[in-house]
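Participant:
Encoded structure:
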């Protein structure tokens with residue numbers, strides 16, 4: 026990964042977080058990991074995620090196994106069970122933090138009411154919240170920009186470019202800035218400087234959890250997973266019909282002085298700045 030230009034220890038933490046995001050952000054990975062809180066055979070996983078075909082599910086399982094998140098246990102040649110590895114289990118608090126942020130700070134998905142024909146808000150599955158949150162912070166330079174704005178509070182585009190992408194042309198910073206602005210994570214203050222919105226600032230616990238996971242810091246997680254039956258897909262978007270895996274996590278405690286250690290917004294803000302777009 027190219028140097029970010031940020032001073033240590035920010036640079037080290039940023040590298041670790043970016044690498045973690047590259048591992049967990051590909052589409053459907055969150056669904057697979059959440060589903061694997063209940064170990065099962067390959068056919069069990071297919072039944073829980075019927076929208077994923079063999080050509081999609083099997084390669085993802087292999088990559089997650091290679092990344093150390095999934096454990097494949099072969100009892101006999103015909104009896105193979107998939108489950109989360111220890112590293113995968115330690116990732117669960119991270120996923121739960123991302124889901125919590127999504128519930129409070131992502132705009133509500135909508136569906137058309139068959140009677141009124143109006144678009145009405147619908148609830149989102151936990152794995153959907155996680156994947157939508159990851160989609161906002163995993164694009165190239167997105168996390169580095171959010172990180173720099175968290176450290177600086179407000180910054181010009183030129184200053185961000187020099188710290189986040191020092192080897193690129195200064196104008197290259199505008200594309201990821203535009204993405205983050207459209208998605209509601211970045212705004213501008215009265216002086217025209219870029220700054221984090223309420224939704225952007227509220228990502229603090231997610232980055233804390235990612236740092237703890239990548240550094241191997243202990244994080245507690247108590248869950249009683251219950252997988253609700255997955256109904257047959259009836260619409261174009263399978264995430265609208267799939268059930269979420271319900272868990273009861275225990276949030277990790279953070280040490281004073283950790284980067285991103287301030288307290289985040291506990292509830293979604295009514296102002297538009299507190300809501301990010303999916």
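Residue numbers (this note's numbering): 26 to 303. Note that beta-carbon positions come from the ideal geometry of N, C-alpha and C, so glycine has one too. Keep in mind it's a predicted model, so treat the numbers as computed, not measured.
1. When the Cβ atoms of the segment 142–152 are set against those of the segment 52–68, are three or more pairs found closer than 8 Å?
2. Pick out whichever of 124, 77, 61, 100 has its Cα sitting closest to the Cα of residue 94.
3. Taking the beta carbon of residue 199 as the centre, do at least 16 other beta carbons fall within 10 Å, making it buried, or is it exposed?
4. Work out the CA separation of residue 171 and residue 202 for me, nearest whole Å.
5. Applying the 10 Å Cβ sphere with the 16-neighbour rule, what's the burial state of residue 301?
6. Going straight from the alpha carbon of residue 190 to that of residue 135, what length do you get?
7. Please specify which runs of the alpha helix (DSSP H), each continuous and at least 4 residues long, are wholly inside the segment 103–148, giving them in chain order.
8. Which stretch, first to last residue, makes up the alpha helix (DSSP H) that contains residue 60?
9. Quick one: give me the first and last residue of the beta strand (DSSP E) that residue 205 is part of.
10. Skipping 5 residues on each side, what residues in its chain have a beta carbon closer than 8 Å to that of residue 81?
11. Please go through the same chain and pick out, in chain order, the residues whose beta-carbon is closer than 6 Å to the beta-carbon of residue 108, but skip the five residues on each side of it.
12. Find the nearest neighbour of residue 214 within the set 194, 233, 181, 35, judged by alpha-carbon distance.
Facilitator: This is what the structure gives:
1. yes
2. 61
3. exposed
4. 9 Å
5. buried
6. 37 Å
7. 111–130
8. 54–60
9. Note, residue 205: premise wrong, no beta strand (DSSP E); alpha helix (DSSP H) at 199–207.
10. 53
11. 61, 64, 96
12. 181
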